[in-house]
Amino acid sequence: MAAGYNMRAGSGWQYAFTDMALILFMVSAAALAKAPQAAKAAPPRPIVSAPELANPVGLWRPAPGAPALAEWLALQSRDPRQRLTIVAHYAGTDAAPASARAAALLRETGGMAGPVRLVVEPGDADEIAAAITWDAGEAAPASTRSNESPKP
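Note that numbering that gives the first Met the number 0 gives residue 55 to position 56 of the sequence shown, counting from 1, and the numbers run on in steps of one.
This is the structure:
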């Protein structure tokens, strides 16, 4: 004999569950409406990422007794596909002094730097460094190569 099922509409567990969910939603919305407004947070700092560099062939940092950048560059064996990247970090909000330091350091090289990239970015302290990397791409045109003799 087949058991009889209650087929009455509106009496299943789904309706009770729906009613409870709706009541919970209304209570939560009412509580949130009466909650004190949170203080506005400061806007997030922009994401600062390091410049994309290839593995450095050489790294220069100013230090007591260390050679100047131009002297250090003269000691390096260079390839026209290499790039000199000067990275200046600055603390605070004013990037102008760091930009001036990076430009002055580039002027000190006397044109022997080859392809150059200057990067000025916020940091924890005022610092400057230079790196020689293999990220300059294809070889520079022959007219810009400094270590080759002219071809007849």
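C-beta atoms are modelled at their ideal positions from N, C-alpha and C, and glycine is treated no differently.
8 Å contact criterion, which residue i and residue j should meet: CB distance rounded
i	j	result
Trp59	Ala128	7 Å
Asp123	Ala90	6 Å
Glu107	Ala67	6 Å
Val115	Ser98	At roughly 14 Å, the Cβ-Cβ gap does not stay under 8 Å, so Val115 and Ser98 are not in contact.
His88	Asp134	Actually they are not in contact, since the Cβ atoms of His88 and Asp134 sit about 20 Å apart, beyond 8 Å.
Span separating the alpha-carbon of residue i from that of residue j
i	j	result
Thr132	Ala28	58 Å
Pro140	Arg77	Below a pLDDT of 50, predicted positions are generally treated as unreliable, and Pro140, at 47, falls in that range; the measurement from the model is reported next regardless. Looking at the two C-alpha atoms, the distance is approximately 15 Å.
Pro35	Ile22	22 Å
Gly110	Leu104	11 Å
Lys33	Lys39	17 Å
Met19	Pro42	39 Å
Thr17	Ala37	32 Å
Pro92	Gly113	The sequence shown places Thr at residue 92, rather than the Pro named in the question. Rounded to the nearest angstrom, the two C-alpha atoms are 31 Å apart.
Leu83	Ala101	12 Å
Val56	Ala62	19 Å
Ala69	Pro121	25 Å
Val86	Val26	56 Å
Ala53	Ala65	24 Å
Thr143	Gln81	The predicted position of Thr143 is uncertain, since its pLDDT is 43 and thus under 50; a value taken from the coordinates is nonetheless stated next. Taking the straight line from one Cα to the other gives about 13 Å.
Run of the beta strand (DSSP E) containing residue i, from where it starts to where it stops
i	result
Arg82	82-89
Pro55	55-59
Thr132	126-132
Pro121	115-121
Interface flag, residue i vs chain B, CB-CB below 8 Å
i	result
Asp93	Here there is only one protein chain, and chain B is not present.
Residue i - containing alpha helix (DSSP H), residue span
i	result
Arg106	95-107
Ala69	68-74
Proximity test, residue i beta-carbon vs the ligand NAP heavy atom, cut-off 7 Å
i	result
Asp134	Ligands displayed in this structure: none; no statement on the ligand NAP is therefore possible.
*Which ranges would you report for the alpha helix (DSSP H) in the region 9-35 if only whole runs of at least 4 residues count?*
The qualifying runs are 12-33.
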